[in-house]
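Protein chains in written order, with my numbering: chain A, 3 to 185; chain B, 3 to 185; chain C, 3 to 185. Even glycine gets a Cβ: it sits at the ideal position worked out from N, Cα and C. Below is one structure; the comments refer to it alone.
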Amino acid sequence: MTTEVDRDELIRRLTARVEALEGKATNESITLGVINGSLDYTMAAFIVAIGAAVYDLEVDMFFTFWGTAALRDPKKKAKKGFMDKMFGVMLPRGAGKLPLSHLQMLGMGPVMIKQVMKKHGAKSLEELIADAAGLGVRIHVCTMSMDLMGFKKEELFDYPHMDYVGVGSFVDMFSKSKQCWFF
Amino acid sequence: MTTEVDRDELIRRLTARVEALEGKATNESITLGVINGSLDYTMAAFIVAIGAAVYDLEVDMFFTFWGTAALRDPKKKAKKGFMDKMFGVMLPRGAGKLPLSHLQMLGMGPVMIKQVMKKHGAKSLEELIADAAGLGVRIHVCTMSMDLMGFKKEELFDYPHMDYVGVGSFVDMFSKSKQCWFF
Amino acid sequence: MTTEVDRDELIRRLTARVEALEGKATNESITLGVINGSLDYTMAAFIVAIGAAVYDLEVDMFFTFWGTAALRDPKKKAKKGFMDKMFGVMLPRGAGKLPLSHLQMLGMGPVMIKQVMKKHGAKSLEELIADAAGLGVRIHVCTMSMDLMGFKKEELFDYPHMDYVGVGSFVDMFSKSKQCWFF
């Protein structure tokens with residue numbers, strides 16, 4: 003028969019194992035990377051973000067590379083050097099100007115797909131971003147990408163839950179998330 | 003020394019912590035999103051789906067945006083309005099007609115890659131889909147994307163484990179999955 | 003009041019539940035798929051891999067489809083048949099020759115973005131690969147893709163932690179990983 007001392011030892015060991023499992027457990031959160039920067043992929047990211055937030059998951063969005071172009075506010079301007087200015091002109095100026103991911107596939111442009119979306123009562127990217135803000139979805143902008151694209155903080159749109167982060171913060175984010183993937 | 007009452011309390015607390023961990027634990031399943039709609043990405047998705055199913059993981063595939071075009075059956079037709087008909091013509095009519103993801107990269111078309119695959123004894127997308135069906139891989143079609151693309155249920159191919167879902171179901175799916183990512 | 007026999011039974015059951023949870027627990031590792039084969043996506047994959055490795059996560063990278071082209075060493079050659087040779091010429095010869103993912107979006111080529119990266123002190127893909135090697139990041143090459151692309155082992159660059167795997171190994175990898183996603 004098990005003695006009391008044995009029993010205490012069993013409980014101690016079990017507690018240690020539970021603690022180890024708790025250390026590995028994820029939060030009720032997901033991390034969505036946005037790298038592609040096309041209208042369709044960026045919309046898909048926000049649709050998932052909103053859906054997850056509605057179902058009580060916390061959502062961290064990480065915008066990197068071409069993804070950052072969606073965050074530009076067409077009404078804002080920033081002082082820039084020559085090279086950054088050139089990039090600024092070539093890259094889409096905000097959510098309203100994103101291209102489709104598959105131009106070659108379609109023979110149709112973002113204008114056509116936006117008409118179709120309107121007809122079907124689907125929300126525009128700008129409306130999706132506003133919904134995400136209301137639901138507390140957090141936007142984290144990759145500082146390295148901002149540098150690379152020559153974007154300045156003062157030309158991004160106003161968003162209540164936005165900050166600028168490095169790769170370390172991103173690793174931290176996805177390490178504690180239920181899921182992480184890129185659009 | 004630990005009293006019996008202490009001991010009972012320890013066990014009760016430990017049980018509560020184990021229950022909390024069990025609530026967070028994932029199923030032996032993965033969720034694969036298919037958004038890109040190119041031949042190579044869609045094949046990659048089915049190859050992973052089949053591999054995972056063979057190793058006893060349950061697999062849920064979520065088809066959205068351009069991904070849905072792979073599900074069209076070229077032999078089926080549906081009544082449509084003008085705009086939907088136009089989209090229907092422009093978008094690939096099923097797995098046999100998907101473009102490659104990187105036309106510009108290659109200077110080669112899907113025809114050439116299919117020849118190479120045949121030469122190497124690799125299965126076609128149609129064969130992969132049949133294998134996936136046999137292994138119980140589930141296909142969930144995004145209703146919003148069906149609307150947007152103007153696709154009707156009656157023009158999708160017959161598949162034994164297919165249903166139509168909204169974003170909520172998708173969130174539910176990936177929340178309990180080991181992994182979720184998009185192709 | 004709980005008897006000693008009840009208590010032993012409680013502990014036994016709890017131990018079984020903890021064991022079940024431990025069987026499902028993930029390793030402190032992530033799996034990153036590289037499928038796209040563009041300069042920007044492949045760089046993003048290595049930047050995440052390095053960031054994760056610095057923060058003590060083990061990193062497995064799985065190179066498949068176009069992703070494998072980044073692993074070619076431009077100084078190495080391999081004997082090939084006609085078709086494989088043609089593919090070999092059309093596909094990028096190593097990390098230094100990768101295209102951008104969005105040519106149409108930019109009106110700028112890889113040359114321009116490399117200049118910008120240099121100006122901002124960002125590392126080149128070749129330097130990132132060397133850093134990843136130093137941190138123990140593992141590279142797993144999809145054998146099926148090697149066959150399909152007509153690549154031979156002797157034309158890939160030397161990397162201290164590289165092996166060749168099938169889909170089964172990849173499933174094994176991501177099943178025990180905290181996260182898995184594709185670039």
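Between residue i and residue j, is the Cβ-Cβ spacing less than 7 Å?
| i | j | result |
| --- | --- | --- |
| residue 114 of chain C | residue 141 of chain C | no |
| residue 153 of chain B | residue 36 of chain B | no |
| residue 190 of chain A | residue 139 of chain A | Missing from the structure shown is residue 190 of chain A; chain A here goes from 3 to 185 and no further. |
| residue 17 of chain B | residue 178 of chain B | no |
| residue 23 of chain B | residue 23 of chain C | yes |
| residue 14 of chain C | residue 20 of chain B | no |
| residue 100 of chain C | residue 63 of chain C | no |
Who are the Cβ neighbours of residue i in its own chain at under 7 Å, not counting the five residues just before and after it?
| i | result |
| --- | --- |
| residue 145 of chain C | 166, 167 and 168 |
| residue 181 of chain A | 32 |
| residue 85 of chain A | 152 |
| residue 131 of chain A | 48 and 97 |
From residue i to residue j, what distance separates their C-alpha atoms?
| i | j | result |
| --- | --- | --- |
| residue 118 of chain B | residue 150 of chain C | 7 Å |
| residue 175 of chain A | residue 59 of chain A | 14 Å |
| residue 116 of chain A | residue 121 of chain B | 42 Å |
| residue 78 of chain A | residue 135 of chain A | 20 Å |
| residue 61 of chain B | residue 49 of chain B | 12 Å |
| residue 26 of chain C | residue 26 of chain A | 11 Å |
| residue 137 of chain C | residue 6 of chain B | 51 Å |
| residue 73 of chain B | residue 127 of chain B | 11 Å |
| residue 129 of chain B | residue 183 of chain C | 25 Å |
| residue 80 of chain C | residue 94 of chain B | 37 Å |
| residue 71 of chain A | residue 124 of chain A | 22 Å |
| residue 102 of chain A | residue 30 of chain B | 35 Å |
| residue 88 of chain B | residue 112 of chain A | 15 Å |
| residue 53 of chain B | residue 155 of chain A | 44 Å |
| residue 104 of chain A | residue 104 of chain B | 10 Å |
Taking the alpha carbon of residue i as the point to measure from, which residue in the options has its own alpha carbon closest?
| i | options | result |
| --- | --- | --- |
| residue 98 of chain A | A:66, A:88 and A:39 | A:39 |
| residue 82 of chain C | C:76, C:75 and C:91 | C:91 |
| residue 55 of chain C | C:133, C:155 and C:112 | C:133 |
By the 10 Å Cβ neighbour count, where 16 or more other Cβ atoms means buried, how is residue i classified, buried or exposed?
| i | result |
| --- | --- |
| residue 42 of chain C | buried |
| residue 9 of chain A | buried |
| residue 162 of chain C | exposed |
| residue 69 of chain C | buried |
Which same chain residues end up closer than 8 Å to residue i when comparing Cβ atoms and leaving out the 5 residues on each side of it in sequence?
| i | result |
| --- | --- |
| residue 106 of chain A | Note that residue 106 of chain A has pLDDT 48, beneath the 50 cutoff, so the model's placement of it is unreliable and no number is given. |
| residue 75 of chain C | 96, 157, 158, 159 and 160 |
| residue 171 of chain B | 142 |
Please list, in chain order, all residues of the same chain as residue i whose beta carbon is under 6 Å from its beta carbon, the five residues on each side excluded.
| i | result |
| --- | --- |
| residue 196 of chain B | What is shown of chain B runs 3 to 185, which leaves residue 196 of chain B out entirely. |
| residue 45 of chain C | 127 |
| residue 57 of chain B | none |
Quick check: does the Cβ of residue i come within less than 6 Å of any heavy atom belonging to the ligand GDP?
| i | result |
| --- | --- |
| residue 184 of chain C | Among the components of this structure there are no ligands whatsoever, and the ligand GDP is therefore not found. |
When you check each C-beta in the region 37-48 of chain B against every C-beta of chain E, which residues fall closer than 9 Å? No chain E is part of this structure, whose protein chains are labelled A, B and C.
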